[in-house]
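Worksheet: one structure, shown below.
There are 2 protein chains.
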Amino acid sequence: MARTPTTSDAFNAVAEASRRDLLDALGTGEATVGELVDRLGLTQPQVSKHLGVLRAVGLVLVRAEGRHRWYRVNGPALKPIHDWVRTFERSWNVRLDRLDDLLAELQTEENHP
Amino acid sequence: MARTPTTSDAFNAVAEASRRDLLDALGTGEATVGELVDRLGLTQPQVSKHLGVLRAVGLVLVRAEGRHRWYRVNGPALKPIHDWVRTFERSWNVRLDRLDDLLAELQTEENHP
DNA sequence: TTGACATATTCCCATATCGGAATGTATTGT
DNA sequence: ACAATACATTCCGATATGGGAATATGTCAA
Numbered sequence: 000m001a002r003t004p005t006t007s008d009a010f011n012a013v014a015e016a017s018r019r020d021l022l023d024a025l026g027t028g029e030a031t032v033g034e035l036v037d038r039l040g041l042t043q044p045q046v047s048k049h050l051g052v053l054r055a056v057g058l059v060l061v062r063a064e065g066r067h068r069w070y071r072v073n074g075p076a077l078k079p080i081h082d083w084v085r086t087f088e089r090s091w092n093v094r095l096d097r098l099d100d101l102l103a104e105l106q107t108e109e110n111h112p
Numbered sequence: 000m001a002r003t004p005t006t007s008d009a010f011n012a013v014a015e016a017s018r019r020d021l022l023d024a025l026g027t028g029e030a031t032v033g034e035l036v037d038r039l040g041l042t043q044p045q046v047s048k049h050l051g052v053l054r055a056v057g058l059v060l061v062r063a064e065g066r067h068r069w070y071r072v073n074g075p076a077l078k079p080i081h082d083w084v085r086t087f088e089r090s091w092n093v094r095l096d097r098l099d100d101l102l103a104e105l106q107t108e109e110n111h112p
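Chains as they are written, first to last, in numbering that gives the first Met the number 0: chain A, 0 to 112; chain B, 0 to 112.
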């Protein structure tokens, strides 16, 4: 077998920096392919192909209007990534870490009434 | 050029499901290669190679003890992913979304005193 | 020393990728 | 009808991948 296809899930689609740049460039709004080409300095086929991958995994949605295609981010498709990485958040988030300490302390008190 | 190497950053390293499984299996503790082989049902070379990729991007740390290697997750290496995906959180998190509404409302009131 | 054990590394191959260049397909304006 | 515009698709080649199988490296135990 080879590497997991980029179109298999959000994790693989987003691994490519250019595709993250595209999502960042779209932000909360809409943009056409041409606008994205200008903003990112990529070639038109590059942008179209990357958008194709993002669309395949549901990370972007398209709306046709004349000869333009308005792309926008489909945020919820990123939730699986957020959910997964969030389970490790305690290892660098001091606030959550201190919450752990507090809970442990309460647990101890409970054992020594 | 080809696809971005798996060892270039956390995004690419974590794109492979087996490597996420390895990180999940490690959790907050430590484990040897053999233990991970048993837990995940992968072959030993598979586990060693995947751990090699994770180590290359700093996602795991190793401690040698005799003929065993104790691996553990290096959480902070996941922070770049968390930070990036977090900027899109508003699109699915209702609480943050309502906070946006509230702020917009306050803004309107300010304009109509 | 020798053998068993734990882990890492190498070799092989089928496969998907990315970029570049060229071309295809709609849609619009004149 | 025709040219221009906006975008998608195809063909190409170089490259890294992941699994399997075999082998190498290092450590312990008798």
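Yeah, the Cβ is synthetic: ideal placement off N, Cα and C, and Gly gets one too.
Chain-ordered chain B contacts of E15/A [CB-CB under 7 Å]
By Cβ distance, chain B contributes T3.
Near Q43/B, what residues of its chain come up, given a Cβ to Cβ distance below 7 Å and the 5 sequence neighbours on each side ignored?
The residues are V32, V36.
Are H49/B and L21/B touching if we call contact CB-CB under 7 Å?
With respect to L21/B, H49/B sits close: the two C-beta atoms are nearer than 7 Å.
Return no unless some Cβ of chain A is closer than 7 Å to the Cβ of P75/B.
For P75/B, the answer is yes, since a Cβ of chain A falls inside 7 Å of its Cβ.
Distance, L98/A Cα to S7/A Cα:
Computed Cα separation, rounded: 37 Å.
Check whether the stretch 74-91 of chain A touches the stretch 58-66 of chain B, taking contact to mean three or more Cβ pairs, one atom from each stretch, closer than 8 Å.
No, they do not touch.
Indicate whether V56/B and A12/B have their beta-carbon atoms separated by less than 7 Å.
Yes, these two residues count as a Cβ contact at 7 Å.
When you compare only the Cα positions, how much space is there between L53/B and T27/B?
Distance between the alpha carbons of L53/B and T27/B: 16 Å.
Does any CB atom of chain B fall closer than 7 Å to the CB of K48/A?
Judged by the 7 Å Cβ criterion, K48/A is not in contact with chain B.
Determine the direct distance from the alpha carbon of V72/B to that of R2/A, and round the result to whole angstroms.
Their Cα atoms are separated by approximately 23 Å.
Below 7 Å on C-beta distance, what does R19/B contact in chain A?
The contact set of R19/B on chain A, defined by CB atoms closer than 7 Å, consists of W83 in chain order.
For D23/A, tell me which candidate among L60/B, E88/B, G74/B, V46/B has the shortest Cα-Cα distance.
When only C-alpha atoms are compared, the closest one is E88/B.
Taking DSSP as the reference, what is the three-state secondary structure of W69/B?
DSSP places W69/B in strand when its eight states are reduced to three.
If you draw a straight line from the C-alpha of R38/B to the C-alpha of L39/A, how long is it?
Separation of R38/B and L39/A (C-alpha to C-alpha, rounded to the nearest whole angstrom) is 44 Å.
Name, please, each residue of chain A whose Cβ falls closer than 7 Å to the Cβ of W69/B.
Identification of chain A residues near W69/B by a Cβ-Cβ cut-off of 7 Å yields none; the smallest Cβ-Cβ distance measures about 17 Å.
Residues in its own chain within less than 7 Å of P4/A by CB, not counting five upstream and five downstream?
Around P4/A, the same chain offers N11 as residues with beta carbons nearer than 7 Å, after the five sequence neighbours per side are excluded.
Which residues in the same chain as S47/B place their Cβ atom closer than 8 Å to its Cβ, once the five residues preceding and following it in sequence are excluded?
Taken in chain order, the residues that qualify are V32.
Out of curiosity, what's the CA-to-CA distance linking Q45/B and G74/A?
Approximately 34 Å between the Cα atoms of the pair.
Where the beta strand (DSSP E) containing P64/A begins and where it ends
Looking at the sequence provided, one finds Glu at residue 64/A rather than Pro. Counting along the chain, the beta strand (DSSP E) containing E64/A begins and ends at 59-64.
Residues of chain B with a CB under 8 Å from the CB of V72/A: which are they?
Contacts between V72/A and chain B, judged by CB atoms closer than 8 Å, involve F87, S90 in chain order.
Report yes if the C-beta distance between L29/A and W91/A is below 7 Å; otherwise report no.
The sequence shown places Glu at residue 29/A, not Leu. No.
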